[in-house]
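So the structure is just underneath, and the comments pick up after that.
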Amino acid sequence: MSPVATGLWRYVPALDSLRRYGWVDCRADFIAGLTVAAVAVPQAMAYGLAAGVDPVYGLYTAIVMTAIGAIFDSSRQLINGPTNATSIAILSATAMIAADQKLEMVVLLGFLIGAIQLGISLLKLGDLTRLISHSVVVGFTAGAGTLLVLDQLKNLLGRKAVGSPSDHFIVRLWRTLASDAPIHVPTLAVGLASIALVVVLRLAKDRLKAPLFPELLAVVAFMAWLTAFFELDELGVQVVGVIPGSLPGFRAPEISWGRVQELSYSAFAIALLGLLEALAMAKGIANRTGQRLDLNQQCLSEGLANFGGSFFQCIPGSGSLTRSAINQQAGARTQWSGVWSAAAVAIIMLVFAPWARFIPKSALAGLLIVTAWRMVDKEALAYSIKATRFDAIIIVATAFSAVFVSIEFCIIIGVLLSFALAVPRTGRMLLTEFVLGEDGHVHERFAADEPDPEMLIFGLEGEMFFAAGPALESHLDMIESRLDGKVKILVLRVKRVRNPDAVGTHMLDHFVRRMHGRGVHVLLCGVRAELETVFEKTGLVALIHSDHVFVEQPVRETSTALAVRHAQRLLGRTKS
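So the sequence shown is numbered by our numbering: it starts at 33 and just counts up by one.
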């Protein structure tokens, strides 16, 4: 096998799948692709609208980005394209941009997001996404769902947005809802009917066990027919309007340094958000299928899809929860199901464009509201909030910052808060006192136990790094306060001490020197190999003396017992 072929199969997984591709695989991927396309068309249009641009650009994304992502995806069933989370993030990031410049800025945003994701892949930083906790994801999803519903209220009520683009989303929402403009009843009726139909069809689908029925597409098609037949657009119901019956053409994004600076922070946040969304989806599917994922390859795929899509006027996207789940349920076997889906969306766009212009915006708003409700995992949300106060704080803070700060920065806020709350927790160290029992065994000291007047035994437990410095210092001071002039030996068990750094070892070094100054011998026991290496390099072993350092023992007689026996010899006791 040539190195070129090996490289192609590694970095272009879709080509690798062709080596074992048969008619059964092709048929399964084709059916799955058509099924996904039936859902992708209304979703893509709705997400284009949610991103603040014409719905046609959502369709472009469902063609170009889906195809590019499928070719390079590590996951065999993940479907890339426009998603509700990224669309809401785009809307938030471009909220203060004038309407006539919004499309150019959205496309440039996709270019920057793709470049950042490619950089993350090339630097092999894909594994760093593991640092984003589950609580942050749950909080983000809850916030994004709330924001999606709030943003679609204007389309559902038939009102125009009130306020300046420079106003915060909540300010514009309040002004829009508090305006004197009447609610447009036909528009509201269409939106509520769409919501009701989707819910009823989904319940019927579940009861009839027909998981592949495209209820979203059916509702959109029915509402478009209803609008055209009864001429509801003449009554003031806003429709999507003319959709070009042509495929997206090549057009490079317009790049200027000023615009790059303006969008850079949002691009970085959405790039991380997109990777988180896609990798979470891919790992969830892999857990069910048993596939092994290459996280850096998946980052490469997301970057290429966004970067390449920006040259065809696509909005930024990521891995889709809904379409990926449908793709797997429909029996997709390889990445080529995504290519079939993209091709099917293109054909639908070319053939049915004349009828698509009658799709009511309030119908799409209704679909988005249903999607927002379903995207929030209520069970996971309740479980995480009940679990610990730590999880509850992170979830609430992330969700609230999504609505009241911005969706693209809420995940960064959540991660920073996670670290801020986690550092004190990891910085805790426990101190336990032990005594030598009458049976000659060492056990934890209880209130009734009398300590040995000449020998103290303590055990430290926890991470001995800089964050634990205050706790370690407090424990060492407490031990020192127990010295009454009679104590000659201190046995310090460090079996459960982990990750020592310069701060921790330096504090321990100073403590040992103070003990020696007061005539107390310090014995270390339970010293694991990695601790012994650090203590040797920092001179702690030489300071204590190697005879007083007892490494962890895999045998029945523990290092603590050996240290205590040695302490008794130092004290001149005959008992061993």
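Glycine included, each C-beta is placed from N, C-alpha and C at the ideal position. Just so we're clear, the structure is a prediction, and the values are computed from it rather than from any experiment.
For residue i, the nearest candidate out of the options (CA to CA)
i, options, result
"P74", "R324, R389, L492", "R389"
"N116", "L462, K520, A397", "A397"
"T178", "V408, A479, G351", "V408"
"Y102", "G335, L205, R51", "In the sequence on display, residue 102 carries Ala and not Tyr. Among G335, L205, R51, the Cα nearest to that of A102 is on G335."
"A318", "F300, A357, V169", "A357"
"Q270", "K192, D481, W405, F172", "K192"
"A434", "F201, D61, G558, L157", "F201"
"V523", "V203, E486, T67", "E486"
"A375", "L154, D61, I164", "D61"
"A299", "L141, Y79, G536", "L141"
"T366", "R42, D57, R51", "D57"
"T208", "N328, N187, G223", "N187"
"R564", "D481, V583, R239", "The displayed chain sequence assigns Glu, not Arg, to residue 564. When only C-alpha atoms are compared, the closest one is V583."
"P532", "V559, V138, V292, R546", "V559"
"A127", "H580, F104, R406, V85", "V85"
"Y53", "S450, R108, A260", "R108"
"V203", "V88, A253, S124", "S124"
"P87", "A242, F254, L160, V274", "V274"
"Q329", "K156, I576, G113, R234", "K156"
"R355", "L224, I391, A72", "A72"
"M255", "V272, K241, G363", "V272"
"L556", "L154, I521, R550", "I521"
"Y92", "D48, R514, A242, F282", "F282"
"A82", "V68, I152, F339, L180", "L180"
"W206", "G549, A454, L182, Q600", "L182"
C-alpha gap between residue i and residue j, whole angstroms
i, j, result
"F643", "L508", "Here the chain comprises residues numbered 33 to 608, so residue 643 is not present and cannot be evaluated."
"S416", "S352", "23 angstroms"
"V231", "G459", "49 angstroms"
"Q184", "S394", "8 angstroms"
"A258", "I227", "According to the sequence as given, residue 258 is Leu; it is not Ala. Answer to the nearest angstrom: the Cα atoms are 15 angstroms apart."
"A131", "G190", "19 angstroms"
"I100", "S333", "8 angstroms"
"R457", "F497", "12 angstroms"
"A314", "T403", "20 angstroms"
"H216", "G268", "8 angstroms"
"L279", "S106", "27 angstroms"
"A250", "T430", "35 angstroms"
"L66", "V371", "10 angstroms"
"A301", "G446", "12 angstroms"
"A500", "Y43", "43 angstroms"
"I164", "D265", "46 angstroms"
"S608", "E505", "With a pLDDT of 47 at S608, under the threshold of 50, the modelled position of this residue cannot be trusted; read the value that follows with caution. So the alpha carbons of these two residues sit roughly 33 angstroms apart."
"E568", "I443", "42 angstroms"
"A46", "L135", "31 angstroms"
"D238", "P246", "12 angstroms"
"D484", "E562", "31 angstroms"
"G223", "A70", "20 angstroms"
Residue i - DSSP class collapsed to helix/strand/coil
i, result
"T464", "strand"
"V232", "helix"
"S165", "coil"
"F172", "helix"
"R207", "helix"
"V85", "coil"
"R546", "helix"
"L522", "strand"
"Q600", "helix"
"F441", "helix"
"I347", "coil"
"G476", "Correcting the residue type first, residue 476 is Glu in the shown sequence and not Gly. Residue state, collapsed to three classes: strand."
"E584", "coil"
"M255", "helix"
"V559", "strand"
"K527", "strand"
"I489", "strand"
Residue i beta carbon near the ligand GTP (any heavy atom closer than 8 angstroms)
i, result
"V408", "Among the components modelled here there is no ligand, and therefore nothing to report on the ligand GTP."
Quiz prompt | At least three beta-carbon pairs within less than 8 angstroms, the segment 338-345 to the segment 92-107 | solution = yes
Exercise. Output the residue ranges of the alpha helix (DSSP H) runs that lie fully inside the segment 268-321 and measure 4 residues or longer, sorted by chain position.
Key: 289-321
Quiz prompt | Any 3 or more C-beta pairs closer than 8 angstroms across the segment 146-158 and the segment 376-392 | solution = no
Quiz item: Does the segment 296-314 come close enough to the segment 422-429 that 3 or more CB-CB pairs lie under 8 angstroms?
Solution: no
Exercise. Please confirm if the segment 482-500 is in contact with the segment 517-530, defined as three or more CB-CB distances below 8 angstroms between the two stretches.
Key: yes
Self-check item: Minimum length 3: unbroken beta strand (DSSP E) runs contained in the segment 405-436
Solution: none
Quiz item: Does the segment 431-439 come close enough to the segment 476-486 to have 3 or more Cβ pairs within less than 8 angstroms?
Solution: no
Practice problem: Report yes or no: do the segment 107-127 and the segment 164-171 share at least 3 C-beta pairs separated by less than 8 angstroms? | Solution: no
Practice problem: Scan the segment 43-88 and note each continuous alpha helix (DSSP H) run of 4 residues or more that stays entirely inside, going in chain order. | Solution: 45-50, 55-82
Practice problem: Spell out a yes or no on whether the segment 322-329 and the segment 286-302 are touching, meaning 3 or more CB-CB pairs, one atom from each, closer than 8 angstroms. | Solution: no
Quiz item: Quick one: complete alpha helix (DSSP H) runs, 4+ long, within the segment 88-135?
Solution: 116-125
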